[in-house]
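Here the structure is laid out as structure tokens; the discussion comes afterwards.
Number of protein chains: 2
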Amino acid sequence: MKTDIDRLMKEADLDALLVLGPAAHNAPMIYFTGLAHLSAGFLLVMRGGKAIHFHNPMEREEATATGLETKDIYADYDYPALLEQANRDSNQADALLIEKALTEYKVHGRVGISGKIEFGHWLRTIEFLRSRLPDVEILGEGNLRSVIAKARVTKDDDEIERIRAMGRITTAVVGDVAGFLTSHRVKDGFLVNREGEQLTIGEVKRKINLWLAMRGAENPKGSIFAVGRDAGIPHSAGTDADPIPVGQTILFDIYPCEAGGGYFYDFTRTWCLGHAPDDVLQIYDDVLEVYETVYSAIRANKPCRDYQIQTCELFEAKGHPSILSDPLTTTGYVHSLAHGIGLDVHEAPSFYTKFDDVLLPGSVITVEPGLYYPDRGLGVRIEDTAWMRPDGVLETLVEFPKDLVLKMPGA
Amino acid sequence: MKTDIDRLMKEADLDALLVLGPAAHNAPMIYFTGLAHLSAGFLLVMRGGKAIHFHNPMEREEATATGLETKDIYADYDYPALLEQANRDSNQADALLIEKALTEYKVHGRVGISGKIEFGHWLRTIEFLRSRLPDVEILGEGNLRSVIAKARVTKDDDEIERIRAMGRITTAVVGDVAGFLTSHRVKDGFLVNREGEQLTIGEVKRKINLWLAMRGAENPKGSIFAVGRDAGIPHSAGTDADPIPVGQTILFDIYPCEAGGGYFYDFTRTWCLGHAPDDVLQIYDDVLEVYETVYSAIRANKPCRDYQIQTCELFEAKGHPSILSDPLTTTGYVHSLAHGIGLDVHEAPSFYTKFDDVLLPGSVITVEPGLYYPDRGLGVRIEDTAWMRPDGVLETLVEFPKDLVLKMPGA
Chain A
1 MKTDIDRLMK
11 EADLDALLVL
21 GPAAHNAPMI
31 YFTGLAHLSA
41 GFLLVMRGGK
51 AIHFHNPMER
61 EEATATGLET
71 KDIYADYDYP
81 ALLEQANRDS
91 NQADALLIEK
101 ALTEYKVHGR
111 VGISGKIEFG
121 HWLRTIEFLR
131 SRLPDVEILG
141 EGNLRSVIAK
151 ARVTKDDDEI
161 ERIRAMGRIT
171 TAVVGDVAGF
181 LTSHRVKDGF
191 LVNREGEQLT
201 IGEVKRKINL
211 WLAMRGAENP
221 KGSIFAVGRD
231 AGIPHSAGTD
241 ADPIPVGQTI
251 LFDIYPCEAG
261 GGYFYDFTRT
271 WCLGHAPDDV
281 LQIYDDVLEV
291 YETVYSAIRA
301 NKPCRDYQIQ
311 TCELFEAKGH
321 PSILSDPLTT
331 TGYVHSLAHG
341 IGLDVHEAPS
351 FYTKFDDVLL
361 PGSVITVEPG
371 LYYPDRGLGV
381 RIEDTAWMRP
391 DGVLETLVEF
401 PKDLVLKMPG
411 A
Chain B
1 MKTDIDRLMK
11 EADLDALLVL
21 GPAAHNAPMI
31 YFTGLAHLSA
41 GFLLVMRGGK
51 AIHFHNPMER
61 EEATATGLET
71 KDIYADYDYP
81 ALLEQANRDS
91 NQADALLIEK
101 ALTEYKVHGR
111 VGISGKIEFG
121 HWLRTIEFLR
131 SRLPDVEILG
141 EGNLRSVIAK
151 ARVTKDDDEI
161 ERIRAMGRIT
171 TAVVGDVAGF
181 LTSHRVKDGF
191 LVNREGEQLT
201 IGEVKRKINL
211 WLAMRGAENP
221 KGSIFAVGRD
231 AGIPHSAGTD
241 ADPIPVGQTI
251 LFDIYPCEAG
261 GGYFYDFTRT
271 WCLGHAPDDV
281 LQIYDDVLEV
291 YETVYSAIRA
301 NKPCRDYQIQ
311 TCELFEAKGH
321 PSILSDPLTT
331 TGYVHSLAHG
341 IGLDVHEAPS
351 FYTKFDDVLL
361 PGSVITVEPG
371 LYYPDRGLGV
381 RIEDTAWMRP
391 DGVLETLVEF
401 PKDLVLKMPG
411 A
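Chains as they are written, first to last, in my numbering: chain A, 1 to 411; chain B, 1 to 411.
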């Protein structure tokens, strides 16, 4: 939690954190500013908890509204003069600006840097800064083991309720999509509208974006709506021009966030319209059984990898290949069981078997086993987002039915 | 244009470009991949034009669909083994992966790096890479003077049509908003619905997002819908809870992009509902006159700064402060006339007076003079997106009326 930042900085022996970039869609910044219309700027977090946001003058009111201490890069630091001093090189001018800020706040020692921004531009800026501040050591933060990432692993009550609210929106839209699909007729094995025209994946995806926007959510990473063989490749987003068949797996993975770039939810259902072939039913039962077995086994304060290994072993016992025995397999069970989720759709903890992450009370994670057989034209995944509550109970934030077959009333 | 990349690399003495990160909302990557569901990976652009995308195995089909040469980081480079070799440090493993790629493609010399990603994570990775590849010099690209930014300044016909299509969507939504506002009744000086409840800015913004999604656009940076005093602060996004008055300036700036993170459009109108006070009419006339004078003066191959200076001088001649004479002023004319637009909402060329950018034929720019008097409770901006055509004519991509007053039929 945010209240852990100071302790984590101490453990990492960092004297300050420097966070670069806008607020929207920039997790380490929005963690401190909240949803705010700050298109540029930077943030300095001091040991002891003080945080100062440096903003451009046009965004002075938005900066003030964050509740942080603020500095105006024009009124307080005369940025145009710095640009002159830097011979009109904006990277050098930005370095001079950050130097002024670090000097004013007496920052020395080790500074951890992060922020989702244009890498090349800022690499050049930070190299100028390093050459000017030899007594400041600037260290790349921002991976899953960094101070802010570690703080973000455990969520407070407000964060849980925001993620749960996104879950309500997400599952409501999934319900809308199910209703929309089953309101169609079937012709020659594919969905058609009243005019007899085939429904396409592209049209379904446009509806998904529309229904998310209606409920105040944003969909910056798109969604996966993949049919048959495409469903067999876990990240295939589906092909917009394709029609939608009955009796084949539809893998629908949706991961929207709060408008403005805030908290995410992550959710997958696999459907067969009308009916499911026997081999799909068997695969689906295998995934659902593994989901339920592993879900009920998950405990707080245990290594995350244990559950990935358990998932692999359960699938292998049922005769499916997995990346435990064959790390390069592209059939069977080919990805991680889970990941942390919050201001990023993928964040700590990691369930990758090579990492040592422990599942802390207060974490929010996905649970998402799946089986993939692209050559057999099928893929199945079931995913929910769940909260490892402080009392040690793993709670699915929003429940939603796990039926494979969606009946086609008109068929 | 993309066809200029090789020449620009030669001029910058770069042997290769390395672009990091996902495709969506990452301009330098999407410039090469197009809209694609690639959530991670990196791209190597060689002198001579060959580009290779390095993807994770779950996204192999999406990578292939880009038409670029592709490599699978598992099947081709055995990433799990690299992670073992790196003692499970993901930054070191990523460095080993990029090292393998650069070695396979015989990259030596100067490599320009860019991409919108988590800075701290990649700073650490690139520092490992540098320590392992002393004969490769990794240079921060990605500012407005970098190779990819320079290529992106001039747009080909396909890019122009995509930006124009976004302009049609944008102006259609602006028309929807005007119709929505004027369909309300007025009570005690504010808009109310049929039930007599006040319409709020937050509700208008939700409709904007909805209507953009309906038309297949995305709104990753939000929009500005700022009233009265808020309109007087150019980047103030407006206050969601505020009601909407008649007879005050409403500054509505909207800058959506193609769904999936592609081309942007940027557009502003200032409205007064019902009627406009005399002082607002005067300010509006001043802005419109300056808009028309400067717009008709803009020529290809001239320094962009000339038009910023002209705008400042025109406003100052009418008695308004400007940042030409007072760089720190927060009243009068306080920002740049224009900026380039494309895969980023702000890109080259810059019209800032300290820079030397020339307005090249084939560029797409905004034209957006404005006047701001927060203490008088008003702000006015008029903005269109325009194409400097190869024949030297500046063409507004989508025309839309510039009326200040929106009549309230029910009032």
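All residues carry an ideal CB built from backbone N, CA and C; glycine is no exception.
- Under the three-state reduction of DSSP output, residue 332(B) falls in the strand class.
- By the Cβ neighbour-count rule, residue 215(B) is buried, with 16 or more other Cβ atoms within 10 Å of its own.
- Secondary structure at residue 180(A): helix, using DSSP grouped into helix, strand and coil.
- Near chain A, meaning a CB-to-CB distance below 8 Å, the residues of the stretch 238-267 of chain B are 259, 260, 261.
- Distances from the CA of residue 56(A) to each of 173(A), 282(A), 22(A), 132(A) were compared; the closest alpha carbon is that of 22(A).
- Taking a contact to require three or more Cβ pairs closer than 8 Å, the stretch 116-131 of chain A and the stretch 1-10 of chain A do not qualify as touching.
- In this structure, residue 149(A) sits near residue 348(A), with a CB-CB distance shorter than 7 Å.
- The Cβ atoms of residue 139(A) and residue 109(A) do not sit closer than 7 Å to each other.
- Considering only beta carbons, the part of the stretch 195-211 of chain B lying closer than 8 Å to chain A consists of 206, 209, 210, in chain order.
- By the criterion of at least three beta-carbon pairs nearer than 8 Å, the stretch 231-244 of chain A is not in contact with the stretch 391-403 of chain A.
- Bounds of the alpha helix (DSSP H) holding residue 30(B) are 27-33.
- Apart from sequence neighbours up to five positions away, the residues of its chain that approach residue 17(A) with a beta-carbon distance below 6 Å are 45, 112, ordered along the chain.
- Contact between residue 87(B) and residue 128(B) fails: their C-beta atoms lie close to 12 Å from each other, not under 8 Å.
- Rounded to the nearest whole angstrom, the CA to CA distance from residue 180(B) to residue 207(A) is 22 Å.
- In this chain, the alpha helix (DSSP H) harbouring residue 80(B) covers 79-85.
- The beta carbon of residue 167(B) sits closer than 8 Å to the beta carbons of 265, 267, 385, 397, 398 from its chain, once the five residues preceding and following it are set aside; these are given in chain order.
- Neighbours of residue 57(A) across chain B, judged by C-beta separation under 7 Å: 330.
- A distance below 7 Å separates the beta carbons of residue 20(B) and residue 115(B).
- Under the Cβ criterion of 7 Å, residue 409(B) is not counted among the residues facing chain A.
- Interface criterion met: the Cβ of residue 74(B) is under 7 Å from a Cβ in chain A.
- At least one CB of chain A lies nearer than 7 Å to the CB of residue 118(B).
- Within its own chain, the residues whose Cβ lies closer than 7 Å to the Cβ of residue 340(A), once the five positions on either side in sequence are excluded, are 153, 347, 348, 349, 363, 364, 365, listed in chain order.
- Neighbours of residue 355(B) in chain A, taken as residues whose beta carbon is under 8 Å from its own, are 88 in chain order.
- Residue 215(A) carries a coil assignment under DSSP once its states are collapsed to helix, strand and coil.
- Residue state for residue 322(B) is assigned as strand, using DSSP reduced to three classes.
- Taken through DSSP and simplified to helix, strand or coil, residue 233(B) comes out as coil.
- Ranked by Cα distance from residue 28(B), the first of 141(B), 131(B), 50(B), 98(B) is 141(B).
- Around the beta carbon of residue 195(B), fewer than 16 other beta carbons sit within 10 angstroms, so the residue counts as exposed.
- Straight-line measurement puts the Cα of residue 185(A) at about 48 Å from the Cα of residue 355(A).
- For residue 120(B), no beta strand (DSSP E) encloses it; the enclosing alpha helix (DSSP H) starts and ends at 119-132.
- Three or more Cβ pairs closer than 8 Å define a contact, and the stretch 229-241 of chain B falls short of that threshold against the stretch 273-286 of chain B.
- According to the DSSP assignment, residue 110(A) belongs to the beta strand (DSSP E) that extends over 109-114.
- Just so you know, the alpha carbons of residue 83(A) and residue 336(B) end up roughly 16 Å apart.
- Going by beta carbons, residue 229(A) and residue 252(A) fall outside the 7 Å limit.
- Contact of residue 104(B) with chain A by beta-carbon distance below 7 Å is absent, the smallest such distance being about 18 Å.
- For residue 46(B), there are no C-beta contacts with chain A under 9 Å, since the nearest C-beta of that chain is about 18 Å from it.
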